[in-house]
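Counting in our numbering, the sequence shown runs from -11 upward without gaps. Worksheet: one structure, shown below.
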Amino acid sequence: MVVRIMGEGQVRLADSHLTELDKLDDELLREMQNGDGPGFRRTLQALLAKVRELGTPLPDASLEPSELILPSPDATLEEVRDLLSDDGLIPG
-11 MVVRIMGEGQ VRLADSHLTE LDKLDDELLR EMQNGDGPGF RRTLQALLAK
39 VRELGTPLPD ASLEPSELIL PSPDATLEEV RDLLSDDGLI PG
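Next up, the structure:
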């Protein structure tokens, strides 16, 4: 799966890592629903760090379609709300 972090670029991520990322996504969704700004910021940073850790960066010149788009590290709670589906940022 190709994942884009807005403002950073793309990484290739094995589907086998989605379960691990989904746990952070669920936590992020709960914090957003509860209006927990500090918790949201901490979990968003952890989610993006895990994607960077587990993914393989694609070259900047690569123009592959992104199957998943994640917000930038400095995105606000409101901006992330606009990206959410009923499942959170990561479908499934």
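Cβ atoms here follow ideal geometry from the backbone N, Cα and C, with glycine treated the same way.
field: Collapsed DSSP secondary structure at Pro61 in the structure displayed
entry: coil
- prompt: Going straight from the alpha carbon of Arg40 to that of Gly23, what length do you get?
  reply: 26 Å
query: What does a CB cutoff of less than 7 Å around Glu67 pick up in its chain, not counting 5 residues either side in sequence?
result: Pro59
task: Could you check what DSSP says for Pro45 in three-state terms: helix, strand or coil?
output: strand
- prompt: Nearest-angstrom Cα distance between Ala49 and Arg0?
  reply: 14 Å
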